[in-house]
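K.L.:
Handing you this structure, nothing more for now.
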Amino acid sequence: MSEYNPFHPASLPGYGEHMYHETLNVTEALIQQTLAMRRIAPVPQVEKSAKSLRNLFVYFVNQLPPPAQLEPRFLSLYAQEQSVQGLMLFENKKYTAALDTFSHMYSIAKQSGDLILIVHALQKIGVELKRVGRMPEAINALEEARDISFSTSKQVAAFTNAYLAHMYSTNGDALHFERAINTAQSLAEPLKESYGDGTDFIFQKFSGILVLRSRGYLHVKEPKKTLELHDEVRKQIQSDTNLWLDWKLHLYRARAYLMLKDVEGCIAAGRECFEGVKDWQSPHRIKQASELLNEIDIAGYGKLKVVQDFRGDLQQAAGKSHSA
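In terms of my numbering, the sequence shown has 91 at position 87, counting the first letter as 1, and numbering is strictly consecutive.
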């Protein structure tokens, strides 16, 4: 009796196979919850779920027999887990590690043969390549993702075209930006609330497409269009409960005002941006907001009193944040 081990595979119903599949079911649910949480919760809360997923897959990779690690469902979940880890690295400004993780995700997705996951991996790789200035490679990655996406679903095609538009605008290509963002909207609009509900791992709501349009207008030097779009995007963000995008909207509005030489408008929007990012506890988002001050300095407005007051408020708020 003392040698009996209730956890030995031979002692489990079906030799533990049922428990294994139930574990994968729970893993899939946790991945979906983690990605959905990212829209509404501070980064440290999301990181707790991401850490649980990481520990689980470390165990899987070290303990599962090789045949189990080659099963399509396991590979699919492993690729999704790598996506979560890459996003957490991105939020913490670990951009090189994020690119490496998304590249690993791509290898796993290719191994699984899942076109949807291949598209997601290419999209994330493209965004990180753009971040380090490798624009030709970034555009190639998104164009490849776009081509594959039309063999998947409208949700995936809309998402991919939105980010391809983002690449084109960053590269100053206004014509292809307009075409791609219009394609994204025309694909997503008929889907209504089902766009971004998690189908095919798409958690970007329709407001996310509008935010990329707003940002794109800045890159192609049309700040007035960014301002004209503001109320529509804000309304859509509230409708989608896509709260994590609020700070981006204020940041783009601030940059639009700066491009139009409206410093007071820029500072007012900048204050709203900072209020929007500080509670998310994301180093990446805080960095994005603080970079606005550098842009104001470069534009030659750094010594204005309204700018100095804003700088002082930011420094004071940052000090409180560090001491908390």
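From the three backbone atoms N, C-alpha and C, an ideal C-beta is built for every residue, glycine too.
1. For the putative contact between residue 120 and residue 163, defined by C-beta atoms under 8 Å, what is the C-beta separation to the nearest angstrom?
2. Which whole-angstrom value describes the C-beta separation of residue 259 and residue 308, a residue pair presumed to lie in contact below a C-beta threshold of 8 Å?
3. Mind reading off the beta-carbon distance from residue 216 to residue 170? Whole number of angstroms is fine, and I expect it under 8 Å.
4. Three or more C-beta pairs closer than 8 Å, one from the region 105–122 and one from the region 84–91: is that the case here?
5. Looking only at C-alpha atoms, which of 262, 288, 241, 161 sits nearest to residue 185?
6. If we call anything under 8 Å between Cβ atoms a contact, is residue 334 one with residue 287?
7. Residue 65 to residue 79, Cα distance in whole Å?
8. Pull up the distance between the alpha-carbon of residue 94 and that of residue 133, whole angstroms please.
9. Please name the residue, chosen from 128, 40, 112, 156, that lies closest to residue 143 on a Cα-to-Cα basis.
10. Tell me which residue opens and which closes the alpha helix (DSSP H) that residue 186 is part of.
11. Find the nearest neighbour of residue 237 within the set 219, 224, 131, judged by alpha-carbon distance.
12. Note down the Cα distance separating residue 73 from residue 24, rounded to an integer number of angstroms.
13. Spatial neighbours of residue 141 within its chain, please: C-beta separation below 7 Å, excluding the five flanking residues on both sides.
14. Does DSSP classify residue 106 as helix, strand or coil?
15. Around the Cβ of residue 4, are there at least 16 other Cβ atoms within 10 angstroms (buried) or fewer (exposed)?
16. Provide the residue span of the alpha helix (DSSP H) that contains residue 197, from first to last.
17. Using the three-state DSSP reduction, which class does residue 221 fall into: helix, strand or coil?
P.N.:
On the basis of the coordinates in this document:
1. That pair is no contact at about 10 Å.
2. So it is not a contact: roughly 17 Å between Cβ atoms.
3. Going by Cβ atoms, the distance from residue 216 to residue 170 rounds to 5 Å, so yes, they are a contact pair.
4. yes
5. Each of 262, 288, 241, 161 was checked against the Cα of residue 185, and the nearest Cα belongs to 161.
6. Given a span of 5 to 328 for the chain in the structure shown, any question on residue 334 remains unanswerable.
7. 11 Å
8. 12 Å
9. 128
10. Looking at the DSSP string, the run of the alpha helix (DSSP H) that includes residue 186 is 178–192.
11. If we check each option's Cα against that of residue 237, 219 comes out closest.
12. For residue 73 and residue 24, the distance between alpha carbons rounds to 12 Å.
13. The answer, listed in chain order, is 133.
14. helix
15. Residue coverage of the chain in this structure runs from 5 to 328, which leaves residue 4 outside it and unanswerable.
16. Residue 197 -> no alpha helix (DSSP H), and no H or E assigned at all.
17. The three-state secondary structure of residue 221, taken from DSSP, is helix.
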